[in-house]
Every structure is written in C-alpha cells, then in structure tokens.
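>
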Amino acid sequence: MITANFDGLCARKRVYDLDGWSRLLSFFEEIEASWRGWDGDKLFTSPEGDFRLVAKHVGHIHFSIELNEFQRLDPWSAKGEFDLDPGEELTATVEALRALLVGR
0 MITANFDGLC
10 ARKRVYDLDG
20 WSRLLSFFEE
30 IEASWRGWDG
40 DKLFTSPEGD
50 FRLVAKHVGH
60 IHFSIELNEF
70 QRLDPWSAKG
80 EFDLDPGEEL
90 TATVEALRAL
100 LVGR
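By numbering that gives the first Met the number 0, the letter at position 31 of the sequence shown is numbered 30, and the numbering carries on one by one without gaps.
#1: Within a Cβ cutoff of 8 Å, which residues of the same chain sit near residue 83, ignoring the five residues on either side of it in sequence?
#2: Which two residues bound the contiguous beta strand (DSSP E) that contains residue 62?
#3: Nearest chain D C-beta to residue 92 closer than 8 Å, yes or no?
#4: How should residue 99 be labelled, buried or exposed, when 16 other C-beta atoms within 10 angstroms of its C-beta is the threshold for buried?
#5: Just checking my contact of residue 78 with residue 65 at CB under 8 Å: how many whole Å lie between their CB atoms?
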C-alpha cells in the first residue's frame with residue numbers, strides 16, 4: 000500500500016510490484032550514490048504505471064510523486080512533491096526503506 004500525505008491530501012493505493020520492490024530500493028540507492036548531483040531526472044515507475052516517482056537534484060533532492068487509480072468507474076490521480084537533504088536525511092531514508100523491504 001502506498002500512502003501519500005500532502006497539505007491535507009491523503010491518497011492510498013494498493014500498488015503491485017513483481018520483484019518485492021527491489022527496483023524501488025535500487026532507485027533510492029542510486030540516488031544515494033549520486034548524492035553530489037546528476038543531470039536531468041531519475042524516474043521510478045511501477046509495472047502498472049499507477050505509482051510514479053521522479054527525483055531531481057537541485058542542491059537538495061526534489062521528488063515528485065504521482066498515484067493513479069485507473070481501474071475504477073471514478074478514476075483519480077494524486078500528485079505531490081517533497082524534498083530530502085542529500086546527506087543524513089537521504090541516508091536515513093534509504094536505510095529505513097531497506098529495513099522495511101528486507102523484512103518482508
């Protein structure tokens with residue numbers, strides 16, 4: 000279940016991944032390894048396209064997140080943004096994600 004909370008908006012969506020979310024962990028590990036910066040956007044998309052995460056290095060790491068519910072009579076989309084410091088905050092995030100996914 001992916002939950003996004005932004006400025007009073009709470010969106011939840013059950014998102015499936017075929018490999019236990021190892022691609023998402025790799026996405027964050029690649030960002031952590033490139034903490035000094037990179038050109039352009041780094042993109043993670045779930046296999047069904049209902050979860051999308053874009054990262055851009057602009058001194059800090061700026062993330063855009065999108066959740067989409069396509070398979071309903073009343074489809075919806077939720078978008079938000081957040082920033083992470085490329086130092087300890089990013090490292091702590093990667094470690095927490097690793098612990099969450101390895102424990103599954």
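Each residue gets a CB set at the ideal place from its N, CA and C atoms; glycine is no exception.
This structure is a prediction, so every number in the text was calculated from the model and none was measured.
Let's see:
#1: 59, 60, 62, 89 and 92
#2: Unbroken beta strand (DSSP E) run through residue 62: 60 to 68.
#3: Protein chains in the displayed structure number just one, and chain D is not present.
#4: Per the 10 Å Cβ criterion, exposed.
#5: Sure, about 5 Å apart at Cβ, within 8 Å.
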